Structures are given as C-alpha cells and as structure tokens.
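**Q** Questions regarding the structure given below will be posed in turn.
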Amino acid sequence: WDSGRRRAASALAGALAPVAVLAGARRRSLHRAGQRSPDQLRGRGIRWALGSDDGAAAAKKTRAPRWAPGGAGQLKDRRTAVEMLDDAKEEVFDGEGRCYRVTFDEGIGIRFDKDLNAPRTGEDLKKGEVFEVKTEVTRGGRRYFELLDGRGWVFDWISIMGQRVDVVEIAAQLYTVMFPDGVTGVNWCSDTTMRFCKVQGFATEGDASYLSQAGISSGDILVMIDQDPVPGMPFGQVLERLWASSGRQPGNGLFYRVTTEGPYGIGIRAEPDIDSPRTGEDLIRGQVFEVDDIIQEEGKPTYLHLADGRGWAFDTSPVDPENPCVQNVEDVDPGSTLTMWRGTTEELAQTIGLQLQEDTETGRSATITVLEEGQPVQRIGCPAGGNLRKTLLSSGFQIYQELNQVFHCNANQLCGTCVLNVLEGDENLTVKSVNEKKVMAANPPGFRLCCNIDVYGDVVVEVRPKGVKYGGGTS
271 WDSGRRRAAS
281 ALAGALAPVA
291 VLAGARRRSL
301 HRAGQRSPDQ
311 LRGRGIRWAL
321 GSDDGAAAAK
331 KTRAPRWAPG
341 GAGQLKDRRT
351 AVEMLDDAKE
361 EVFDGEGRCY
371 RVTFDEGIGI
381 RFDKDLNAPR
391 TGEDLKKGEV
401 FEVKTEVTRG
411 GRRYFELLDG
421 RGWVFDWISI
431 MGQRVDVVEI
441 AAQLYTVMFP
451 DGVTGVNWCS
461 DTTMRFCKVQ
471 GFATEGDASY
481 LSQAGISSGD
491 ILVMIDQDPV
501 PGMPFGQVLE
511 RLWASSGRQP
521 GNGLFYRVTT
531 EGPYGIGIRA
541 EPDIDSPRTG
551 EDLIRGQVFE
561 VDDIIQEEGK
571 PTYLHLADGR
581 GWAFDTSPVD
591 PENPCVQNVE
601 DVDPGSTLTM
611 WRGTTEELAQ
621 TIGLQLQEDT
631 ETGRSATITV
641 LEEGQPVQRI
651 GCPAGGNLRK
661 TLLSSGFQIY
671 QELNQVFHCN
681 ANQLCGTCVL
691 NVLEGDENLT
701 VKSVNEKKVM
711 AANPPGFRLC
721 CNIDVYGDVV
731 VEVRPKGVKY
741 GGGTS
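Spelled out as structure tokens, the structure:
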C-alpha cells in the first residue's frame, strides 16, 4: 500500500512539474517586464491607446489594459456599482460649429463608435489636424466627438502611466447669424459646409449705420473665432455682448455665463425656487443664456428667468454658496476671448487649419429627389450652392402650402408657407437659421423652410407635407 502511495505521489509530481516550470517562466517574464524604463512603458501606453501595429502586437503578447482593444475581456472590472452607473450616464450635445485641433504627437486613432474599446476604422487624425464636430457625448469623465465628415469618433484625453494627457484643444467656434432685436435690415447668405454667413447688403442706410457700430459691413463673413470656448452662444448674443461692452446694447436682454465648478452645470427649474421640480434640461458649464426676468430676495439665491421660456436658473447653489453659479457677461472682457474674422472662407480655413469639404467644389451638381402626393418620384439637378426653392420652382413644382392668408416674408423664413419635409440629406443643406428654428419649433426636425436654403449635396424631399404646425395649430 505504501509503495502504491509513493507511485501515485511520483506520478502527481511529474504531472505538476510542467505547470511549475511555466509558472516560474511567467514570474521571470513579469519581473523582466517590470524593469523597463519609464520611457519604454510610456511608449507602450501610447501605442495601445492610439493603435499602432507595434502596440497591437504587444497587446497580443501581454495582458492589455482595460481600455485597449481586446483588453476588456482580459482584466477584471474593479469599478464599484456607483462608478459603473456614473460611466453609463451620457450627455449629448450638438456640435454647433465647434472645431478641435489634435495636439498629441502620435495623433488619434478614429473609432467606429463612442468608446475607447470600439474597433478602429483604420484612419487617424494627425497632430495639427482640425476637425468639426457633429455630436459631442460626455460619459464617464471623457468627451467623445463624432466627426462631421462621418469618418467616426475620437476622444479628448487618454491615460499614460496613470496621468491624464489631453489630445485635442478648441480650434474655433463657428456661429450662425442671429441679429439682435430691432435689427432686421440685413440680407445674408450662409455656406452650410463651414457654417459661414456673409453679409450681402443692408435694407436701409439706417440699418447699415446701426450695424456698423459693431463693425459689420457688406461682404463680411460673420464668424466668431472663439479661443475661449463659449458653448451654446449664438452669434447674435455675441453681438449683444460686444455692444454692451461699449454702452450700445440695442436689446433689453441680460446675458449670463454658467461658471459652476462641477461638470454638470445648472439644472433648470420650473419655478423660481431651487426646490421646485427640474425641467429635465441643464445649462452646462461655459454656456451663455439670456435672461428677461430677475427675482431677488435677501438671504436667498437670485433667480434668473431664461428668455427662451425654458424655466429658471439661479446665481448661487446651497451646496456651495460662496462660489457663484453664473457671471454677467458684461463683467467679461470680450476683446480677450472673441475675434471677428474678416476675409474669405478659404483664408479662414487656412487660418484655423480646417479643410474645405469637397462638395463645395465649383461645378459639382447635386441631385434632388422630389416626392409629391399622387405623382411619380422625380429627380432634378442642382448646382452646388444653388437655392432649393428656386430650383424646385424652376422645375415646375408647387411648394407653397394652401393657407387662407397670403404671406410674404421676402425669403426671411418667417411666414412658413414654403415648408417641405427633408427625408434624406439634411446635412447637405444650409443649417437652420434662428428664424427657421422659431417658426418650425413645433414640427419634426425634417420640416424645413426652403426659401433660404442652399443645396450642397444629394437630398430627398417631400413637397407640401401634411401636418405642418403654425403657432400651435395644424394645417
């Protein structure tokens, strides 16, 4: 019996010997890896983050970080339940003309989705390259940017040896035009591919004199290059701010910037009470908003009513009463942060490093596919930059709604009679003006006013759609 035990023990030892040898080899391998210099480790971290071939090979040989491709399934997720919940929360913002420049020496690998672990497209953004954002998503303390040209997603920072390294910086904020109250005598056109608006002229000498106070003249490209980002600030509010700084504010509105230290900004309230229900919308840090009513009570926060009717904000939070939540923009020096551009679109593109899109090339035509009730599908051509309404009318299409009252707004997108439904290709049309946004606020996003829309690519439209809402009613 003893000899049998010895034979069994000997067999077991022989079976375990290869495992012990492998374990010893693994310990030696890990020990040698731990002796690499900081520069070597940093280089490997960069390759993992940005997707070079060497980094991919290294990831196969060793255990990759959780955020590296293929690493998620190899490492145990050590986040707490609260941390997982925070990472799952998303805030989504429209690009609104924001342009970023790549600052990281190694560039950025473009992803198919808004996730560091998402597969790469095979394309990279190189250092110095500028891209315009279609959508910005904030999740888990990181911002993801969807490229306007449709190539994929990038992000704002990576971690190298436990340190945050920013990989992009703001390059410019391109604003569309919204003129202040009382200023209506301006004819302008826009180039949707770069969000430019050019002044073509003024209705009266009085209008020209009025706008010249802000330095606006015929031929100017109305673009604000914003070296200190002001998300959500439309062009007209920039003009209000410039006028206010010189004592020539044409409107009655007051403008405030959100200055909260936290990343989530201010939750808009339904009533002037910090304990009243939230509306579900937030004012993010850095955002500028207009105020048309102020309620002040001694010893309590000052409540600010948003001029767009979304609800109430406040100037201090009970959580941190010593630090204001907002700042009056009259207290901000506009000359130190904002610059109005003078020159051509090509010159501006070269200045900020943004590439002009190919669909603005002279001679390239777009195809407009037209759907009309009771009629066969028709397709017509349109030169790049051509006016949508003129193109449809010249081809014999009836675009006006049959209303009881006759309107004429001189192509200012105010009367709402030229509504069509853009089914595909809205990104190839001029962006919505402030007038169009207001007039069509109660309608689906695809309902557009075609009188002042230029075409830069293929679109599919439905003329005279049903269910158009005017001032709360329905046609």
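Read in order, the letters of the sequence shown correspond to residues 271 to 745 in this note's numbering.
By construction, the Cβ of each residue, glycine as well, lies at the ideal position given by its N, Cα and C atoms.
Just so it is clear, the structure is predicted and the values come from calculations on it, not from any experiment.
(1) Under 8 Å between the Cβ atoms of R412 and F425?
(2) Measure the alpha-carbon distance for D590 versus Q557 and round it to whole angstroms.
(3) Between the stretch 719 to 734 and the stretch 688 to 696, can you find at least three pairs of beta-carbon atoms closer than 8 Å?
(4) Beta carbon of L658, beta carbon of G686: below 8 Å?
(5) For R390 versus I380, is the C-beta distance shorter than 8 Å?
(6) Going by DSSP in three states, S429 sits in which element: helix, strand or coil?
(7) In angstroms, rounded to a whole number, what distance separates the CA positions of E376 and V400?
(8) For K384, is the classification buried or exposed, using 16 other Cβ atoms within 10 angstroms of its Cβ as the cut-off for buried?
(9) If you follow the alpha helix (DSSP H) that F664 is in, where does it begin and where does it stop?
(10) I think W582 touches I554, with their Cβ atoms under 8 Å apart; what is that distance to the nearest whole Å?
(11) Buried or exposed, going by whether 16 or more other CB atoms sit within 10 Å of the CB of P547?
(12) Taking buried to mean at least 16 other C-beta atoms within 10 Å of its own C-beta, is K702 buried or exposed?
(13) Leaving out five residues before and five after G749 in sequence, what residues of the same chain have Cβ atoms less than 6 Å from its Cβ?
(14) Under a Cβ-count criterion, where at least 16 other Cβ atoms within 10 Å of its own Cβ denotes burial, should I564 be classed as buried or exposed?
(15) Just to check my reading of the structure: N593 and E531 have Cβ atoms closer than 8 Å, yes? What is that Cβ distance to the nearest angstrom?
(16) Going by DSSP, name the residue or residues bridged to N598.
(17) If you follow the alpha helix (DSSP H) that K404 is part of, which residue opens it and which one closes it?
(18) Look at G716 and D696 and say whether their C-beta atoms are less than 8 Å apart.
(19) Under the DSSP definition of a beta bridge, which residues are partnered with A583?
(20) For C685, which three-state DSSP category applies?
(21) Can you give me the C-alpha to C-alpha distance between V640 and E402, rounded to a whole angstrom?
(22) According to the Cβ coordinates, are V372 and V438 closer than 8 Å?
(23) Exposed or buried, which one is D724 when buried takes at least 16 other CB atoms within 10 Å?
(24) Tell me which residues share the same chain as E416 and place their Cβ nearer than 6 Å to its Cβ, disregarding the 5 neighbours each side in the sequence.
(25) Would you mind working out which of G398, L418, G432 and R421 sits nearest A441, comparing C-alpha positions?
(26) Determine, using beta carbons only, whether N722 and K739 come nearer to each other than 8 Å.
(27) Would you tell me roughly how many angstroms separate the C-alpha atoms of K736 and Q645, rounded to the nearest one?
(28) Smallest Cα separation from A388: which of Y414, D364 and G365?
(29) Would you call the CB atoms of C652 and I669 closer than 8 Å?
(30) Quick check on the burial criterion: 16 or more other C-beta atoms within 10 angstroms. Buried or exposed for M710?
(31) Checking the sheet assignment: what are the DSSP bridge partners for L417?
(32) Would you list the one or two residues that DSSP bridges to T637?
(33) Strictly by DSSP, which residues pair up with Y670?
(34) Can you check which of these residues, G569, R580 and D364, is closest to D562 by C-alpha distance?
**A** Straight from the coordinates:
(1) yes
(2) 19 Å
(3) yes
(4) no
(5) yes
(6) strand
(7) 15 Å
(8) buried
(9) In the sequence on display, residue 664 carries Ser and not Phe. Element bounds for S664: L658 to S664.
(10) Actually they do not touch by this definition, with Cβ atoms about 17 Å apart.
(11) exposed
(12) buried
(13) A query on residue 749 cannot be resolved here, the shown segment of the chain reaching from 271 to 745 and no further.
(14) exposed
(15) 6 Å
(16) Y526
(17) Looking at the DSSP string, K404 is not in any alpha helix (DSSP H); the run it does join, the beta strand (DSSP E), is V400 to R409.
(18) yes
(19) L574
(20) coil
(21) 30 Å
(22) yes
(23) buried
(24) K404, T405 and W423
(25) G398
(26) no
(27) 15 Å
(28) Y414
(29) no
(30) buried
(31) V403
(32) G651
(33) Bridge partners of Y670: none, in fact.
(34) R580
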